DNA sequence: AGGCATGATTACGC
DNA sequence: GCGTAATCATGCCT
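In full-length UniProt numbering, the protein residues as written are 1 to 417.
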């Protein structure tokens, strides 16, 4: 009631405005008879209060009458003003928020993934980029990519149809509420500004729903990506030949198993894998070898023999018996046994009878043994360390001591000639 | 199914 | 940028 008296007080000035409502003889009569604006307003309010007690038709008629009352615009504006000052001004503070950074992030991601934005091939570019970034082997699947694209297109379609649905619902709801409020503004104090605010509130509600949609779409894309494009998920073992090539290089460069960039490229080409895969392989190999030399001993022996056999064969073919015991007297060979003790572990094991070989390999083993004697300086490097300590630990400049790679075709175990 | 092997990734140091 | 060490995730064998 306190409010009411304030309103009445506020209206006291307005009521005196010379606006005789000729369409409403009743009010004219009352004003004439009472001569008091306050009483006039009180009368109006009484009529408003009494509306609920009347029948529908009567109420409608009364509403219409009140609507046309000359006091109505003034009363309306004052009530709006009061409302504005009390309730809405408090709310207004937190309304003007800046564009949500989270929704911007989601938008950017969806754009980057090819879900939102223009159609044009959609996520295929993103897929290719991701595959390239993952260093995936070139032989892996266009099938998987098309599968990925199909799934991405599906997500995209769902996203867009949902988005459209939300937008439509939002505008429908907004229109509905606006019409309702406009309608109601004839009978209760609702300013256009308030309608605007209400629209803003509705939009925010819907945009939070939209954000959820975007978020779940992002999640779906991430899952899809991880399933199809994460290199670890589609890890395939290298084929036997590739592993052999890599192992040959590794064991024949055991003292310094750090292939140069050119050697890596050559190995990559030979194995049908990427340079970064070669790097990964050597990284893994070094660390695993170092961790458990014993486990790799047999493998090392095997490759030493293989290398020796190859070397012996090539040497025999090339030099036709003049110097049969020194197959690797060349100066620039990539994996030659005579080089700086590369196969130290292999040779050590050979001397120590760590494994058995077929009789056909015996001559080559003998050759190796001979080679050991010729390179006697390495015999005291008994097998605790995988490489001479100064080589492994002195990592100041590994590339500078990397064995030279000769002709491109000589990356793996052949002799340098 | 469980364990080992293996290719890739990540964090960190230089 | 490269190497190491640790770790992850998958493949493969028993």
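Positions of the beta carbon are idealized from the N, C-alpha and C atoms, including for glycine. Please read all numbers here as calculations on a predicted model, not as lab measurements.
What is the DSSP secondary structure of residue i, reduced to helix, strand or coil?
i: residue 253; result: coil
i: residue 258; result: coil
i: residue 238; result: coil
i: residue 69; result: coil
i: residue 167; result: helix
i: residue 107; result: helix
i: residue 150; result: helix
i: residue 192; result: helix
i: residue 374; result: The predicted position of residue 374 is uncertain, since its pLDDT is 33 and thus under 50; no value can be drawn from it.
i: residue 302; result: helix
i: residue 54; result: coil
i: residue 186; result: coil
i: residue 116; result: coil
i: residue 294; result: helix
i: residue 100; result: coil
i: residue 200; result: helix
i: residue 272; result: coil
So, for residue i: in the same chain, excluding its five sequence neighbours on each side, which residues have a beta-carbon less than 7 Å away from its beta-carbon?
i: residue 217; result: 110, 115, 155 and 159
i: residue 244; result: none
Looking at residue i: is its Cβ nearer than 8 Å to the Cβ of residue j?
i: residue 249; j: residue 259; result: yes
i: residue 80; j: residue 191; result: yes
i: residue 178; j: residue 103; result: no
i: residue 202; j: residue 182; result: no
i: residue 189; j: residue 83; result: yes
i: residue 44; j: residue 69; result: yes
i: residue 238; j: residue 273; result: yes
i: residue 242; j: residue 271; result: yes
For residue i, which residues from the same chain have a beta carbon less than 8 Å from its beta carbon, with the 5 sequence-adjacent residues on both sides left out?
i: residue 107; result: 116 and 214
i: residue 162; result: 213
i: residue 61; result: none
i: residue 54; result: 62
i: residue 166; result: 206, 209, 210 and 213
i: residue 283; result: none
i: residue 275; result: 261, 264, 265 and 268
Within the continuous alpha helix (DSSP H) that includes residue i, where are the two ends?
i: residue 73; result: 72 to 83
i: residue 279; result: 275 to 291
Cutting at 6 Å between CB atoms, please list the residues of its own chain near residue i, excluding the five before and the five after it.
i: residue 247; result: 303
i: residue 285; result: 250
How about the stretch 309 to 317 and the stretch 265 to 273: do they share at least three Cβ pairs that are nearer than 8 Å?
no
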